[in-house]
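Novice: Residue numbers (the numbering used here), protein chains in the order written: chain F, 140 to 612; chain X, 1045 to 1429; chain G, 4 to 398. Beta carbons: idealized from backbone N, C-alpha and C, even for Gly. First the structure, which I've put down as structure tokens, then a few questions once you've had a look.
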Amino acid sequence: MTATVPPPENHPTGAERGAPARPTARAWARENLFNNRHNSVLTVLIGAGLVALTIYGARFLFVTGQWEPVRTNLTLLMMGTFPRAEQWRVVVQVYLLCAAVGLVWGGLTASSRDRARDAGVPFSRARLRDGIRRWWPVFVLLVALLGMTRTWLPLAFVASALAVGVVARRVMEALGAAWRGPAWFFAGICALAGWQVVSGTGGIAWWWGSALVAAAVLRTTRNVRTDARWQPLARFALIAGAIAVVRAVYAQFDFSGVGWDDWSGFQLNLVAAAASIVLAFPVGLAAAVGRRSTLPAVRWLSVGYIELIRGVPLITLLFMGDLFLGFFLPTEDPLSKVTRAIAVMTLFTGAYLAEIVRGGLQAVPRGQVEAAQAIGLSAPRVLGMIVLPQALRAVIPALVGQFINLFKDSTLLSIIALTEILRIRESIHGQREFLIVGIAETLVFVAFAFWALAFTMSRESQRLERRLGVGER
Amino acid sequence: MTIRRTVLLSAAVVVALVAAACGGDDDATTTPAPPPATDAPADTAAPAPPPATEAEPPPTTEDTVALSQAGGRLAEVLDRGSVRCGVRDALPGFNFLTPDGEHEGFDSDFCRVIAAAVLGDAGAVDFVDLATSDRFTALQSGEIDVLVRNTTFTASRDGKEAANFVYTTLYDGQGVVVPASTGITDLEGLEDANICVAQGTTTELNLTDVMRSRGISFNPVTFGESSEARVGYTAGQCEAFTSDKSSLAVFKFEIEAGGGDEQFILPETISKEPLGPAVLDGDTEWAQVVQWAVMATIQAWEFGLDSGNIASATGDNPALGRFLGEEGFDPGLGLPSDFAVQVVSQVGNYEEIYRQHLEPLGLPLDGSVNDLWTNGGLLYVPPYR
Amino acid sequence: MPVVSSWWRRTGFLSAIWQAALVAGVCLAGWWLYGNLVENLTRTRIPTDFDFLTQPTGFAIPENFGFDPSLPIWRMVLIGVQNTFLAGLVGVLLASIVGLIVGVARLSSNWLVARMAQVFVEGFRNTPPLVVIVFFSFAVFSFGPLPVFPEALDLKLPGSDSNWLVLSKSRIGIPSLSAERHTGLFWIIVVCGVVAAAGVWVWRSRRHVRTGEPHHRVLWALGSFALVVIVAFLALGGPYAWSLPARSENGRRLISGFGTSAAYLSLTLALALYTASHIAEVVRASILAVPKGQSEAAGALALSPFQRYRHVVLPQGLRIAVPPTINQYLNLVKNTSLGTVVGYADVTNLTRTSIGNANPAPQSIAVLMGVYLVFSLVISLLLNIYNRSVQLRER
């Protein structure tokens, strides 16, 4: 459930335009803090409490806090038991992800710049100050992390990763509109290649490769239009063939690589949440469409799945995955703990996504469907070309909200003994020197890491919501 | 509308549950119920003894054929090239994570012993962190090859949980620790007290049993893991904390070394806690492999072999020669003939492992029950011939 | 006149085929999974029935001195359900109160108050509840000046030597109500009181329709209910009395009053604050969603500020606020399952312990899921009843 009302804007837009003069501090305080007796008392009381709390907090952060457990185990908290010899994979992945984010961001900026130019509206690029105001929790987290490292290497890594992102963004902005499409595609490849590098060539990595190739085939053949009835069939055959080739190529490598079973620490929280939401998307889409289906069996199955999952806590489902999901399958090649956990989180998220998508489907006016039917589109095409694009656009903020929830819920994996960050924190207090040292401090660190990312994401999604809302009108 | 759905759904679930229950009953009645539990695997394998795969050593007894059907765990481990070892990452002295993400401790060294014996590489271990409540499930589902997680050998775990405990690596007993300042010296002093304990453990059951039998009422404050119970105790949620005495000794040592309150471990030992590796029932071949890998560390100690001198050791008596695998002596366990050399040179003998991980934590080896039988302890392994 | 096509091309037939195929596929998959389950359970000799529910529990339950470990497991499940309910109920009450206050505070004209409320909301909303619970349990309650039980801060009533508050790190005792006599009869009368109040409500409504006089049915109904309850309470000589937290002879046990553990407190407080941050947003959004013109128009009709609020703003705001709030309640009740990490004996925790003690996991978890489904059912029932009443009023 998200707040549907945008928070009060505190951008001093009026002051910038210079229309009403910026009030003096004294006038502002009288207006906002001491406007009546009741409020004055409140202000004084809360102000005193705030000062006390700030002093206590600062003392805890800088003087009394025993941060040694965190400082010593920073790498452990971030990547857990991930093989240190394979650390370069994480580094490469971060570079690629930074590049991808930079490209996407640059593309967004460039296209809104173009739109502004077409509309004749002056366009101002986001300034660094805005960036800091929007992303400060992440910056604080980065500074805290870097402040606790003992070598200069992490600093160099973070700085170069940021540089990669900035360069990618600039490049994208400089590109003409014609080049932007391929660049989007390249961003996708960067992200997926990042996964590839981390997963090695074994396990399920070839799925990613296949998805990549399939996307490429679809994209290149998109504009080839013939009236031949066998066209979809031909395209399907093309994709299947390409996938077979990919499979064959991957089969040549014996190297099993580093799969998601090796993920650990904060990395596991992030990627488990990301993997689950990506995998849950088709599930949720199917369940949402199924719930609105006219076929009773389909509808009842969808409803059963959605309500059953939503009626129980995630932790009971995780227990199910941990304790006996393996019993439902033949035992020759048991699924790993991480796989089972991600499967359960996918099922869980699918049910919630279904409800979100259903909301989006309901928001699409009926006239859209009728118009599409009137021009003779088949039912799947009405859904795929008319309804879903509009429905999904409306639910993007809710999807981000669901991702934040999933990210927070990934801490539950610690209860079923996956070595995500909370479990690693517990293990740190199994080290002899930290048996009872810094128990609150490690928790504060973990809480802040989650808060910084979740808070930034939720604010960005609110921004997006506002922008989408404005776009509709 | 949602109500109706949920009602129907609940009804469906209830029906499913009932069906599951009935189905279970049906199954039990239709298939010939194997009355003695141990006969079951032999029974199912009896009609058609599965052909042994080529990789397997020729079965020595008929028992092996019947019990280790379908190639077994050993072939799987050899094929995979690593041993999956179920552990707990927050047990100081037994297994904990170093800042580099390495596993260190008594339990993790026994995982390495098994890997060194089977694969000749002590590093070929995949450690799997397990919760107290899911350790046996991990074993049952075949996710791990061996459980080395401070786990007590009991009858119902051997039976109901389908675990097969091999040689006990540590003879332990359950104890209770209290702050020394309270002046409590026996269990009777804990009448109505809050006692921190890990749930789903023999520790919890033993505590319940002993307090009930003596008519002492108490309030268990249970936590998912022993490590959490420990933190709960130090956070002041309980007046006492119960666990294996070895863990308590480690705890007391570290707390006092860190300048914390002085702790007192009650002299009483509540129960016997033999801790050792466990494998899944029904695969004798793999159980024997793990068993002998563990016993090799003790045999090496008895022979006076350690990681320093095993490279230069020669079989000046036949027993030692066999142990070192000279002349290719192979008792048919499925282990390489030089497995003992690999174990001791790569990890060490029992004494080395114990002295490295447990002695610095206030658990002396000399004169304890975990000493060699020749020194009056309980460690006594069958001859290797 | 529709064109008659071949029978196999009719929509009805095709959809029936499709559905039959789907159902068959699902059944086949379920059958396969179930077969695997039974085979695997039999192989590992885990029982496949629900007989374990009648086996002895074997372990003692936290905060439950009266529980004999030889009682069967279904009794343990009941105690777990009771504890889940207790945590959920108190959590819901606390979350509603805090959420309402913070939500209103976010719209305060005092900048500092609004900002603090915002910090509270953004702080708790974006932190994983599990981390908050663990933090409360292992950090908050271990700090501070409170002693470790059995030493405790006993606050006495002035002029008496009985405690009304017992404070320590692990245990907090507060006064509670204890049953004295005739409680069954008292509750029967209370139910009668509800019926009487409903009757008064109907009478006032009809009278209002007939004569047009103001009905004041809320006041009338509440008044008649209160009258019945008070008279019954006095007539029965006080079926309930305050029970102050007293300690047993050795001082180790709270034998009366309501004794809570650190686990319970950290679970309910953490969940209440986490949920309150969500409810505060609901409250704020609902207040903002009622157009200002509504209130102004009511003012133009010469309604007093209270009437404006009672008859114009509140009904509209509530209609928006109640469904998401009840959703949050549902989330809170489901989140009480996280008490398992701090050792609160809720139904999830006890089930987990019993699984750890060699009871079959699939059946235990099926029971557990059934319990939560019932909770969800009851809560969504309440939501639906409310929604229907709101919808009726709308037409």
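Return the chain-ordered list of same chain residues with a C-beta closer than 7 Å to the C-beta of L1416/X, the five sequence neighbours on each side being excluded.
Specialist: On the second sequence, residue 1416/X is found 372 positions in, with the first residue counted as 1. Answer for L1416/X: W1345, E1346 and L1423, listed in chain order.
Novice: Could you tell me which residues DSSP puts in a beta bridge with N166/G?
Specialist: In the third sequence, the residue the question calls residue 166/G occupies position 163. Paired residue(s): K159/G.
Novice: Helix or strand or just coil, what does DSSP make of D1230/X?
Specialist: As a first step, residue 1230/X must be located in the second sequence, where it is residue number 186. In the displayed model, D1230/X falls within coil according to three-state DSSP, outside both helix and strand.
Novice: Under 8 Å between the Cβ atoms of E1396/X and S1356/X?
Specialist: Along the second sequence, read from residue 1 onward, the residue named residue 1396/X stands at position 352. Along the second sequence, read from residue 1 onward, the residue named residue 1356/X stands at position 312. No, the pair does not count as a contact, with Cβ atoms beyond the cut-off.
Novice: What number of angstroms, rounded off, separates the C-alpha of E604/F from the C-alpha of V124/G?
Specialist: Stepping through the first sequence from its first residue, residue 604/F is reached at position 465. Stepping through the third sequence from its first residue, residue 124/G is reached at position 121. Cα to Cα, E604/F sits roughly 19 Å from V124/G.
Novice: Compare the beta carbon distance of T581/F and V209/F with 8 Å and say whether it is the shorter of the two.
Specialist: Taking the first sequence and counting its residues from 1, one reaches residue 581/F at position 442. Taking the first sequence and counting its residues from 1, one reaches residue 209/F at position 70. Yes; because the gap between Cβ atoms is below 8 Å, this pair is in contact.
Novice: Does the CB of F1383/X have a neighbour CB from chain G at under 8 Å?
Specialist: The sequence position of residue 1383/X within the second sequence is 339, counting from 1. Cβ-Cβ to chain G under 8 Å: no for F1383/X.
Novice: Inspect the CB distances between the segment 364 to 375 of chain G and the segment 455 to 472 of chain F and report whether three or more fall short of 8 Å.
Specialist: yes
Novice: Under a CB-based cut-off of 8 Å, is T47/G close to chain X?
Specialist: On the third sequence, position 44 is the one that residue 47/G refers to. Closer than 8 Å: yes.
Novice: In this structure, does DSSP put N387/G in helix, strand or coil?
Specialist: To locate residue 387/G, count along the third sequence from 1; it is residue 384. N387/G: helix per DSSP, three-state reduction.
Novice: Does DSSP classify L103/G as helix, strand or coil?
Specialist: Counted from its first residue, the third sequence places residue 103/G at position 100. DSSP places L103/G in the helix class (H, G or I) of the three-state scheme.
Novice: Can you list, in chain order, the residues of its chain whose CB lies under 7 Å from that of A427/F, leaving out five sequence neighbours each side?
Specialist: Along the first sequence, one-based indexing puts residue 427/F at 288. Answer for A427/F: A493, V496, R497 and L500, listed in chain order.
Novice: Quick one: Cα of S1412/X to Cα of Y1211/X, how far?
Specialist: Counted from its first residue, the second sequence places residue 1412/X at position 368. Counted from its first residue, the second sequence places residue 1211/X at position 167. The alpha-carbon atoms of S1412/X and Y1211/X are separated by roughly 18 Å.
Novice: Could you tell me whether the Cβ of K172/G comes closer than 8 Å to any Cβ of chain F?
Specialist: Counting from 1 along the third sequence, the entry for residue 172/G is found at position 169. No, K172/G does not count as interfacial toward chain F.
Novice: Taking L1141/X as the query, report the chain F residues whose CB atoms sit under 9 Å from its CB, ordered along the chain.
Specialist: As a working mapping, residue 1141/X is identified with position 97 in the second sequence. Those within 9 Å of L1141/X in chain F are N212, L215, G219, T220, T558, I563, S566, I567, G569 and Q570.
Novice: Quick one, are the C-beta atoms of A199/G and V231/G less than 8 Å apart?
Specialist: In the third sequence, residue 199/G corresponds to position 196, counting from 1. In the third sequence, residue 231/G corresponds to position 228, counting from 1. Taking a C-beta distance under 8 Å as the contact criterion, A199/G and V231/G qualify as a contact pair.
Novice: Which residue wins for smallest C-alpha separation from N94/G, given the options N352/G, W34/G, G346/G and L333/G?
Specialist: As a working note, residue 94/G is residue 91 in the third sequence. The amino acid occupying residue 94/G in the given sequence is Gly; Asn does not appear at that position. Closest option to G94/G, Cα to Cα, is L333/G.
Novice: Starting from the C-beta of E1306/X, find all residues in its chain whose C-beta is less than 8 Å away, skip the five residues before and the five after it, and write them out in chain order.
Specialist: As a working note, residue 1306/X is residue 262 in the second sequence. So the list reads P1223, A1224, S1225 and E1300, once near-sequence residues are dropped.
Novice: Which first and last residues belong to the alpha helix (DSSP H) in which L1407/X is found?
Specialist: Against the second sequence, residue 1407/X aligns to sequence position 363. DSSP places L1407/X in no alpha helix (DSSP H); its state is neither H nor E.
Novice: Mind pulling the chain G residues with CB within less than 8 Å of P1264/X?
Specialist: Position 220 of the second sequence, counted from the start, is the residue given in the question as residue 1264/X. Under the 8 Å cutoff, chain G gives F62, A63, I64 and P65.
Novice: In this structure, how does DSSP classify L268/G when only helix, strand and coil are distinguished?
Specialist: Counting from 1 along the third sequence, the entry for residue 268/G is found at position 265. In the structure shown, L268/G sits in a helix (DSSP, three-state: H, G or I).
Novice: If you run the structure through DSSP and keep just helix, strand and coil, what is F1308/X?
Specialist: Translated into the one-based positions of the second sequence, residue 1308/X becomes position 264. In the structure shown, F1308/X sits in a strand (DSSP, three-state: E or B).
Novice: Do V451/F and L376/G have their beta-carbon atoms positioned less than 8 Å apart in this structure?
Specialist: Here residue 376/G refers to the residue found at position 373 when the third sequence is read from its first residue. Here residue 451/F refers to the residue found at position 312 when the first sequence is read from its first residue. Contact: yes.
Novice: Using alpha carbons as the reference points, say which of F1295/X, A1206/X, A1337/X and P1362/X lies closest to V576/F.
Specialist: Residue mapping note: residue 576/F aligns to position 437 of the first sequence, counting from 1. If we check each option's Cα against that of V576/F, F1295/X comes out closest.
Novice: Give a yes or no on whether 8 Å exceeds the smallest Cβ distance from W21/G to chain F.
Specialist: Taking the first residue of the third sequence as 1, we reach residue 21/G at position 18. Yes, its Cβ sits closer than 8 Å to a Cβ of chain F.
Novice: Helix, strand or coil: which one does DSSP assign to I177/G?
Specialist: Position 174 of the third sequence, counted from the start, is the residue given in the question as residue 177/G. DSSP places I177/G in strand when its eight states are reduced to three.
Novice: On the premise that S208/G lies in contact with H218/G, defined as a C-beta separation below 8 Å, what is that separation, rounded to the nearest angstrom?
Specialist: Locating residue 218/G in the third sequence gives position 215, counting from the first residue. Locating residue 208/G in the third sequence gives position 205, counting from the first residue. The pair is a contact, with the Cβ atoms about 6 Å apart (cut-off 8 Å).
Novice: Considering only residues of the same chain and omitting the five flanking positions on each side of T1418/X, which have a CB-CB separation below 6 Å?
Specialist: Position 374 of the second sequence, counting from 1, holds the residue named residue 1418/X. Residues of the same chain with a CB within less than 6 Å of the CB of T1418/X, apart from the 5 flanking positions on each side, do not exist.
Novice: Can you give the beta carbon distance from L1324/X to N360/G, rounded, assuming they're within the 8 Å contact cut?
Specialist: For the purposes of this step, residue 1324/X is taken as residue 280 along the second sequence, with counting starting at 1. For the purposes of this step, residue 360/G is taken as residue 357 along the third sequence, with counting starting at 1. Not a contact, Cβ separation roughly 19 Å.
Novice: So L1174/X contacts chain G; which residues on that side make the cut at Cβ distance below 8 Å?
Specialist: The sequence position of residue 1174/X within the second sequence is 130, counting from 1. Those do not exist, as L1174/X stays about 11 Å from chain G at its closest Cβ, beyond 8 Å.
Novice: Taking Cβ-Cβ distances below 7 Å as the criterion, which residues of the segment 355 to 366 of chain G are in contact with chain X?
Specialist: R355, T356, I358, G359, N360, A361 and A364
Novice: At the level of alpha carbons, what is the spacing between A117/G and A27/G?
Specialist: Position 114 of the third sequence, counted from the start, is the residue given in the question as residue 117/G. Position 24 of the third sequence, counted from the start, is the residue given in the question as residue 27/G. When rounded, the distance between both Cα atoms is 58 Å.
Novice: With distances taken from CA atoms, which of D1189/X, E1298/X, T1286/X and R1256/X is nearest G69/G?
Specialist: Here residue 69/G corresponds to residue number 66 of the third sequence, with the count starting at 1. The residue with the shortest Cα to Cα distance from G69/G is R1256/X.
Novice: Here's the rule: buried if 16 or more other CB atoms are within 10 angstroms of the residue's CB, otherwise exposed. What is Q1281/X?
Specialist: Residue numbering aside, residue 1281/X sits at position 237 when the second sequence is read from its first letter. Of the residues assessed, Q1281/X falls on the buried side of the cut-off, its CB having 16 or more other CB atoms within 10 angstroms.
Novice: Considering P75/G, what are the terminal residues of the beta strand (DSSP E) in which it resides?
Specialist: Stepping through the third sequence from its first residue, residue 75/G is reached at position 72. Unbroken run through P75/G: none, as it is neither H nor E.
Novice: For P1380/X, collect the residues of the same chain with a Cβ closer than 7 Å to its Cβ; drop the 5 residues on either side in sequence, then sort them by chain order.
Specialist: Working through the second sequence from its first residue, we reach residue 1380/X at position 336. Result list for P1380/X: G1164, in chain order.
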